[in-house]
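Q: Just dropping this structure here.
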Amino acid sequence: MSSIYSEIILDYYRHPRNKGSLPHAQIHARDTNPLCGDVVEMQLELDEKNTVKDVKFNGQGCAISQASASMLTELVKGKTVDEARKISKEDILSLIGGQLTAVRLKCALLSLKVLKTGVYDYIGSTDSVKEELSTL
Amino acid sequence: LINGKPLAYLDSAATSQKPRQVIDELTRFYDEYNANVHRGVYKISEEATIAYEEARAKIARLINARSPSEIIFVRGTTEAINLVAQSWGRTNIGLGDGIVLTEMEHHSNIVPWQLLAKQKGAHLKYVGLTDDGYLVHDDFRRHLESDGIKLVSMTHVSNVLGTINPVREYVREAHKRGPRVLVDAAQSVPHMPVDVQDLDCDFLAFSGHKMCGPTGIGVLYAKKALLEEMPPYHGGGEMIREVHLYESTWKDPPYKFEAGTTDVAGAIGLGKAVDYLSNLGPRNIHTHDGELTEYAHDRLKRIKGVRIYGPENPKTKTGVISFNLGDVHAHDMASLLDEDGIAVRSGHHCAQPLMERLGVSSTTRASFYIYNNEDEIDRLASSVERAGKVFKI
Numbered sequence: 244m245s246s247i248y249s250e251i252i253l254d255y256y257r258h259p260r261n262k263g264s265l266p267h268a269q270i271h272a273r274d275t276n277p278l279c280g281d282v283v284e285m286q287l288e289l290d291e292k293n294t295v296k297d298v299k300f301n302g303q304g305c306a307i308s309q310a311s312a313s314m315l316t317e318l319v320k321g322k323t324v325d326e327a328r329k330i331s332k333e334d335i336l337s338l339i340g341g342q343l344t345a346v347r348l349k350c351a352l353l354s355l356k357v358l359k360t361g362v363y364d365y366i367g368s369t370d371s372v373k374e375e376l377s378t379l
Numbered sequence: 011l012i013n014g015k016p017l018a019y020l021d022s023a024a025t026s027q028k029p030r031q032v033i034d035e036l037t038r039f040y041d042e043y044n045a046n047v048h049r050g051v052y053k054i055s056e057e058a059t060i061a062y063e064e065a066r067a068k069i070a071r072l073i074n075a076r077s078p079s080e081i082i083f084v085r086g087t088t089e090a091i092n093l094v095a096q097s098w099g100r101t102n103i104g105l106g107d108g109i110v111l112t113e114m115e116h117h118s119n120i121v122p123w124q125l126l127a128k129q130k131g132a133h134l135k136y137v138g139l140t141d142d143g144y145l146v147h148d149d150f151r152r153h154l155e156s157d158g159i160k161l162v163s164m165t166h167v168s169n170v171l172g173t174i175n176p177v178r179e180y181v182r183e184a185h186k187r188g189p190r191v192l193v194d195a196a197q198s199v200p201h202m203p204v205d206v207q208d209l210d211c212d213f214l215a216f217s218g219h220k221m222c223g224p225t226g227i228g229v230l231y232a233k234k235a236l237l238e239e240m241p242p243y244h245g246g247g248e249m250i251r252e253v254h255l256y257e258s259t260w261k262d263p264p265y266k267f268e269a270g271t272t273d274v275a276g277a278i279g280l281g282k283a284v285d286y287l288s289n290l291g292p293r294n295i296h297t298h299d300g301e302l303t304e305y306a307h308d309r310l311k312r313i314k315g316v317r318i319y320g321p322e323n324p325k326t327k328t329g330v331i332s333f334n335l336g337d338v339h340a341h342d343m344a345s346l347l348d349e350d351g352i353a354v355r356s357g358h359h360c361a362q363p364l365m366e367r368l369g370v371s372s373t374t375r376a377s378f379y380i381y382n383n384e385d386e387i388d389r390l391a392s393s394v395e396r397a398g399k400v401f402k403i
C-alpha cells in the first residue's frame, strides 16, 4: 500500500504556505473535526470584482488536514468567489494524491468544508447548500 | 489480514475481541432458547431466565458483591453513571452541593455530572494530576473538607494513561467525611481483580464489551441499601409490582432498575465472558497485561523522539501506553501503523480535560489484553520507527 505521506504532504505540513490571518478579510470561517480535534480557519480577502486577492489559513491537527488546507489556499488564490464555490472534493484529493480511508477523508476535506461555509455565508446560502456541506 | 499483514489488535481499551465461547453462546441463545425472561411459563423462557440470572450471579462473584441483587444490567458504563446521576443524584444532591471528580475522567464520568449540576445548582470540583499522571492527593483532601460534598466519582484506571488509582484509600477518606463514592471500573474490571467489599465503594460501573463480552451490556453495582432508597431511572414494564391509572409500585432491586426488555442475549454472553476471565484468573490477566506494558515501555522509550505520557513506573499502570512521536500528529501515526496492520487508537480518547492538562491535542494509545504478545509489541515498535523515518524525526 502506497503511503499517503508523500514528501509534498510533509513539506506542506512542516512549512505551510499562506498560514496566518487577514484582518480585513470579507470571508471568515472556522470548523473543527470533533473526531480528532483538527481545527481549520480560513480568511479570504476579495477585490472589487469578487476575486480572491489574498487568503490565509490557521489551524492545528494532523498532517493531512493542515497540508490540504495550505494547498487549498494556493488553489483558491486568484479565483472568483463563484469559481471558489465550485472547487470539488476531487480537486482536493488530486492535490493530496494517494488513497485515504473514510475517516481520514474527513481530515482531508475539512478545509474545503470551511472554505465553502465561508463562501456560502458571503453569497447567501440555501438549503441545498447545507446538504452539500453535509456530504463533506 | 489488514493491508496484507496479520492484524495486531492493540485497541482493547476501546473494545476487546470476543472469545469463541461468547460468540457461540450468543448464537446458541438465538438458535435454541430465545425467549423473553421472567414472565414466560414455558420451557425456553425458563431456560433464558435461568441463564440471565446465572449471568448476574457470576458477575456478583467476579467483583465479590454481597448479593446478585446488587448487580443491575445496563447498556454500559455510561448508562450506569447516568443512572446514578439521575436516580441517586437527583434525590441526594441539591442546591450548593458539590461533586468531586478528577482531571483524568472519561467524558462519561464528567458530562452526566455536569447535567446534574445544572439541574440542581450543584458544583463540580476536580482533583488535579501530577506531571507523571498520578492524582494529587492533597487536592482530594482539600475538596473533601469543603462544605456540601455529597459524592466522589472517580476512575479506577485511567483509559489514557493506565494509572491505577488508590481507590480503596480514597473511599476510606471520603466515607470518614460522608460523601458516597462511585468508581468507574471500565478499565479495571477487565484487567485486574476488583473486590467491591474490599474497596467499599458505594457504586461501581463497567462495560461488558471491554471484558470479552458483547456490546450493549454493562453493569452497575450498588450497595443494596442505596438501591432500595433510589427511585427508578426508567419507567416501564418488568420493573413494576402493580400499575394503576395514576400510580404504580416498583419491584425490588435489581428489577426496579431494569425497565423494558433488557439485553438478554448480551447479559448471557457477558456471563460467558466472566466464565472465560475467571478461568484465566484476574490476577494472571493483570500480570500478563502488566508484563506487556512494561515491555512496550521499554521498546518505545528507546525510539528517538518518543514521548510517553503517564506514570514512568509501568508497575503502577495497567494495559495502556499513550505516546507521541516528535511533531507527528496521533492520527497520522495511527494511519501509518494501520498500513502495517497495527490497530491503535489516536485522538483525545474521550478525555479532553486530561489532554488539556497534558498540553497536547491528542495522543496515540496502544492497549494490551489477554491475546496480545511481545511479537506484536515488536511490530508496534518497528512501525513507530518507520513512522519516524517517513516524518524524518
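Read top to bottom, the protein sequences are chains F and G. As numbered in this note's numbering, the first sequence has no gaps in its residue numbers, which increase by one up to the final residue, 379. As numbered in this note's numbering, the second sequence has no gaps in its residue numbers, which increase by one up to the final residue, 403. Every residue gets a Cβ at the ideal spot worked out from N, C-alpha and C, and that includes glycine.
(1) Quick one: what's got a C-beta closer than 7 Å to H271/F's C-beta in the same chain, skipping five residues either side?
(2) So the candidates are W123/G, G138/G, E239/G; which of them puts its Cα closest to the Cα of G131/G?
(3) Jot down the residue ranges of each uninterrupted beta strand (DSSP E) in the region 115-190 of chain G, minimum 3 residues, whole runs only, in chain order.
(4) Just how far apart, CA to CA, sit I91/G and E304/G?
(5) Could you name the residues of the region 298-320 of chain F whose beta carbon sits closer than 9 Å to any beta carbon of chain G, in the order they occur along the chain?
(6) Rounding to the nearest angstrom, what Cα-Cα distance links M244/F and S345/G in this structure?
(7) How many angstroms separate the CA atom of E301/G from the CA atom of V400/G?
(8) May I ask you to report which of helix, strand or coil DSSP gives H201/G?
(9) Taking just the CA atoms, how far does N44/G sit from E56/G?
(10) Cβ of R293/G within 7 Å of Cβ of S332/G?
(11) Buried or exposed: A235/G, going by 16 or more other Cβ atoms within 10 Å of its Cβ?
(12) Could you list the residues in the region 333-352 of chain F with a C-beta less than 8 Å from some C-beta on chain G, going in chain order?
(13) Go ahead and pull the three-state DSSP assignment for G263/F.
(14) At the level of alpha carbons, what is the spacing between Y365/F and S313/F?
(15) Sorted by chain position, which residues of the same chain lie with C-beta nearer than 7 Å to P200/G's C-beta, five sequence neighbours on each side aside?
(16) Mind checking which residues open and close the alpha helix (DSSP H) that includes H258/F?
(17) Of all the residues that make up the region 126-138 of chain G, which are near chain F by a beta-carbon distance shorter than 8 Å?
(18) Taking contact to mean 3 or more Cβ pairs, one atom from each stretch, closer than 8 Å, check whether the region 134-153 of chain G and the region 306-314 of chain G are in contact.
(19) Below 6 Å CB to CB, which residues in the same chain sit around V2/G once its five sequence neighbours on both sides are set aside?
(20) Is there a Cβ from chain G that is less than 7 Å from the Cβ of Y363/F?
(21) Nearest by alpha-carbon distance to I339/F: which of K292/F, A310/F, R260/F is it?
(22) I want to verify the contact list: residues of chain F whose CB lies under 8 Å from the CB of G357/G, in sequence order.
(23) Let me see if you follow: with CB-CB separation under 7 Å, is S372/G close to chain F or not?
(24) Helix or strand or just coil, what does DSSP make of H219/G?
(25) Assuming G329/G and N13/G make a contact with CB atoms under 8 Å, what is their CB distance in whole Å?
(26) Give the straight-line distance between the Cα atoms of A58/G and C211/G, rounded to the nearest whole angstrom.
(27) Would the beta-carbon of I8/G fall within 7 Å of that of G357/G?
(28) Taking 7 Å as the CB-CB cut-off, is Y248/F touching chain G?
(29) Following the continuous beta strand (DSSP E) through H271/F, name the residue where it begins and the one where it ends.
(30) Can you tell which of Y379/G, R355/G, K266/G, H116/G has its C-alpha closest to the C-alpha of H296/G?
(31) Have a look at the DSSP bridge pairing and note the partners of M285/F.
(32) Could you tell me which chain A residues have their CB closer than 8 Å to the CB of L364/G, listed as they occur along the chain?
(33) Hey, would you say the C-beta of V319/F is under 6 Å away from at least one heavy atom of the ligand HEM?
(34) Spatial neighbours of A95/G within its chain, please: C-beta separation below 8 Å, excluding the five flanking residues on both sides.
A: Reading off the structure:
(1) Q286, G361, listed in sequence order.
(2) Nearest C-alpha to G131/G: W123/G.
(3) Listed in chain order, the complete beta strand (DSSP E) runs (minimum 3 residues) inside the region 115-190 of chain G are 133-137, 159-165.
(4) Each residue's alpha carbon lies about 31 Å from the other.
(5) Flagged, chain order: Q303, G304, C305, A306, I307, S308, Q309.
(6) Since pLDDT at M244/F reaches only 43, below the 50 mark, its modelled position is unreliable, and the value read off the structure follows with that caveat. Between M244/F and S345/G, the C-alpha separation is close to 12 Å.
(7) Their Cα atoms are separated by approximately 30 Å.
(8) In this structure, H201/G counts as coil in the three-state DSSP scheme.
(9) Answer to the nearest angstrom: the Cα atoms are 10 Å apart.
(10) Contact: no.
(11) Flag for A235/G reads exposed.
(12) Residues of the region 333-352 of chain F that bring their beta carbon within less than 8 Å of a beta carbon in chain G comprise T344, R347, C350, in sequence order.
(13) G263/F falls in the coil class under three-state DSSP.
(14) A direct Cα-Cα distance of roughly 21 Å separates Y365/F from S313/F.
(15) Excluding residues within five positions, the ones whose Cβ falls inside 7 Å are S26, K220, M221.
(16) Run containing H258/F: none; DSSP gives neither H nor E here.
(17) Those residues of the region 126-138 of chain G that come within reach of chain F (Cβ to Cβ, closer than 8 Å) do not exist; the list is empty.
(18) Judged by pairs of C-beta atoms under 8 Å, the region 134-153 of chain G does not touch the region 306-314 of chain G, as fewer than three such pairs exist.
(19) Nothing in the structure corresponds to residue 2/G, since chain G is present only between 11 and 403.
(20) No, no contact with chain G.
(21) For I339/F, the closest of K292/F, A310/F, R260/F by C-alpha to C-alpha distance is A310/F.
(22) Residues of chain F passing the Cβ test: L278, C279, G280.
(23) Among the residues facing chain F, S372/G is included, as its CB has a counterpart in that chain under 7 Å away.
(24) If DSSP states are grouped into helix, strand and coil, H219/G belongs with coil.
(25) Contact doesn't hold; Cβ gap of about 25 Å is too wide.
(26) In a straight line, the C-alpha of A58/G is about 31 Å away from that of C211/G.
(27) In the structure displayed, chain G extends from 11 to 403; residue 8/G sits before or after that span and is not available.
(28) So, interface residue.
(29) Start and end: 270-276.
(30) Comparing Cα positions, the closest option is Y379/G.
(31) M285/F is bridged to A272/F, F300/F.
(32) Protein chains in the displayed structure are F and G, and chain A is not among them.
(33) Of the ligands one can find in the structure shown there are none, so the ligand HEM has no counterpart to examine.
(34) For A95/G, same chain residues with a beta-carbon under 8 Å away, outside a window of 5 residues either side, are P122, W123, L125, L126 in chain order.
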